[in-house]
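Chemist: Got a structure for you, written out below as structure tokens; questions coming shortly.
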Amino acid sequence: MSLSIKEASERLGIPPHTIRFYERKGLLPFLQRDPYGNRIFEERDLEWINLMIWFRATGMTVAGLEQFVELAVQGDSTIPQRQDLLEKHKQKLQERQWELDRAFEAVNLKLAKYAEIQNEKRK
1 MSLSIKEASE
11 RLGIPPHTIR
21 FYERKGLLPF
31 LQRDPYGNRI
41 FEERDLEWIN
51 LMIWFRATGM
61 TVAGLEQFVE
71 LAVQGDSTIP
81 QRQDLLEKHK
91 QKLQERQWEL
101 DRAFEAVNLK
111 LAKYAEIQNE
121 KRK
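If you want it as structure tokens, here you go:
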């Protein structure tokens, strides 16, 4: 199954320019091209792009992605370094999750207070 950039972007739900950006940044090192220079996307490419999308969604910087990709290209010998990179990123995510949980709690407390005030006014 080979897909064009248009088909890949439709399958991934992202615009083609995002895929081109990832490629320009060197984040798609395994992407092949046909004899005419067109990108050829296989299932493994879509999985890789999805990984980059999810890492970005979690707040990983482009520099962090570049470091991860650089290590991945070097092969299995770099798995410990990739694990370390992801463990550090996971710690940042846990800290951010804690902050979001606290903020969510604060919003809920304020909403409960407003509901209480509104209920008292209706009496």
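Residues in the sequence shown are numbered from 1 upward in steps of one, following full-length UniProt numbering. Even for Gly, the Cβ is constructed at its ideal location relative to N, Cα and C. Quick caveat, the model's predicted, so the values are computed rather than measured.
1. Using CA atoms only, rank isn't needed, just tell me which of 106, 39 and 27 is closest to residue 68.
2. Just mark residue 79 as buried or exposed, buried being the case when its beta carbon has 16 or more other beta carbons within 10 Å.
3. Could you pull the DSSP bridge partners for residue 3 from this structure?
4. Within a Cβ cutoff of 6 Å, which residues of the same chain sit near residue 41, ignoring the five residues on either side of it in sequence?
5. Helix or strand or just coil, what does DSSP make of residue 74?
6. By a C-beta neighbour count over all protein chains shown, 10 Å radius and 16 as the cutoff for buried, is residue 45 buried or exposed?
Modeler: In terms of the structure at hand:
1. 27
2. exposed
3. 41
4. 3 and 8
5. coil
6. buried
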